[in-house]
Each structure stands twice: as C-alpha cells, then as structure tokens.
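Just so you know, my numbering puts the end of the sequence shown at 320, numbered straight through with nothing missing. Heads up: the structure comes next, in structure tokens.
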Amino acid sequence: MLGLGRHLLYSTRDYHDEVTWWYFLIPVSYAFGIFPTAQLVAGLLGHDPTEEGSGNPGASNVYRVAGAKAGILVLAGDLMKGFTPALVCYFIDGRFLGLLAGVTAMLGHIFPVTRGFSGGKGVATLGGVGIALYPLVAIIAVVIWFPIMKLFRKASIGSLVLIGIFPIGVLISSSGSLREFFVSLGASLIVLSRHSKNIQRLISGDEQAID
C-alpha cells in the first residue's frame, strides 16, 4: 500500500509538472507564431504583402511582390516560427508536446490576434514543425515537392502535396501514434481550409504561377 501511494504521489506530481509546462509553453508558442515575418521583410523593401499580389502574408506572395531574396527570408523566418517552439518543447517533454507547441505556433501564424485573426496559410510554419520533429518525413516531402514545383510552377500545388504527406508521414514515423496523427491531421486540414480559394483557381485554371 505504501509503495502504491508513493507511486500515485509521484505520478500526480509528474502530471502536475507536465500540465504546468503546457500552460506556459503553449501560449508562448502562439505568441511566437504571431511574429509578422512577411510584413517586416517586405515592409523594409517598401511593400505590403497584405495589400499587394494575392494579399497573403507568406513567402510565395512576398516572392512575387518583393523578389526572390525577400521571399527566401520570409520562408526561413516562417519555418523557424514552427521549428523553434517544436524543438524546444521536444527537449523539455517529448515529441507530443513539441507537436502541440509547433501546431500552436502555426495557429498563431494563421490566426494572429494582433491582426484580427487574419494571417498567413501556415504551410511553412507547419513545415518547420516537420523538420524539427519528423526530419525523415520532411526530407521525403521535399524530394517529392521539388519536381512537382518544377513541373507546375504553382506554389499552391506544392503546398497541397506537402500537407497531404504530413499526417501520413507522422503516423508512420511515430509508429502508429494516434494522438500525433490526429493532431497533425487537424493541422493539415486547417492549412487545407486556408487554400480553398487557391483550389478554386486551380480548378478554373486561373491560379498564378511562380516565375
């Protein structure tokens, strides 16, 4: 009985410590995702990605309106918004907390409270999560993505391929962890919903290509 009581006490303490970390790290991850990478980089070059091009504050649109270097900087920044909290939380309490933190950062990027919950589409930020936690999946996704982008020259097609690969790759690389799969699937569906207009333009043949 004494051993059982001690086990329950330690289990309760571990659970309390874990929940305490979550209360702190998840909001911090959301705040991390809010950082306006596209507006900052493009703004330094005299552009506003929310008013020019497609109106999306993401790497593809910045590439179109402000040039390749600016687009690459935004891509790197948005990747880091998912990569950093995911990796930090992975080292603190394992991959599931890392996944939750990374997806929360993605939500901050897509639904920033500082800009009326109107942000980017989340592909790069979710990609950063994949690089941090599922590097093999990320490598395979890029290997598949690259020839598709070369063939079609449309960022939205590449994005749809990536978000389709992500939850399947998570399920396989996590040895069938359903909680990781469902979190990754939910994140992918949110990103997919942000591409509804792109899908409509792809169907109608009006989607803009990247030169």
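C-beta: ideal position from N, C-alpha, C; glycine also.
Judged by DSSP in its simplified three-state form, residue 165 adopts coil rather than helix or strand.
For residue 269 against residue 304, the beta-carbon gap comes to about 7 Å, under 8 Å, which counts as contact. In the three-state scheme derived from DSSP, where H, G and I count as helix and E and B as strand, residue 262 is classed as coil. Apart from the 5 residues on each side of it in sequence, residue 254 sits with its Cβ closer than 8 Å to the Cβ of 267, 270, 271 in its chain, given in chain order. Here the alpha carbons of residue 146 and residue 166 stand approximately 8 Å from one another.
Per DSSP, residue 216 is one residue of the alpha helix (DSSP H) stretching across 204 to 219. Close CB contacts of residue 212 within its chain, under the 7 Å cut and outside five residues either way in sequence, are with 238, 292, 296 (chain order). In the three-state reduction of the DSSP assignment, residue 154 falls in the coil class. Pairing residue 151 with residue 171 gives a Cβ-Cβ distance under 8 Å. Its Cα nearest to that of residue 274, the residue 251 stands out among 251, 314, 284, 242.
The C-beta distance from residue 234 to residue 210 rounds to 12 Å, too long to fall under 8 Å, and the pair is not in contact. Taking every protein chain shown into account, the CB of residue 160 has fewer than 16 other CB atoms within 10 angstroms, so this residue is exposed.
For residue 273, the three-state secondary structure derived from DSSP is helix. Within the same chain, 266, 267, 270 come within 8 Å of residue 257 by CB-CB distance, once the 5 residues on both sides are set aside.
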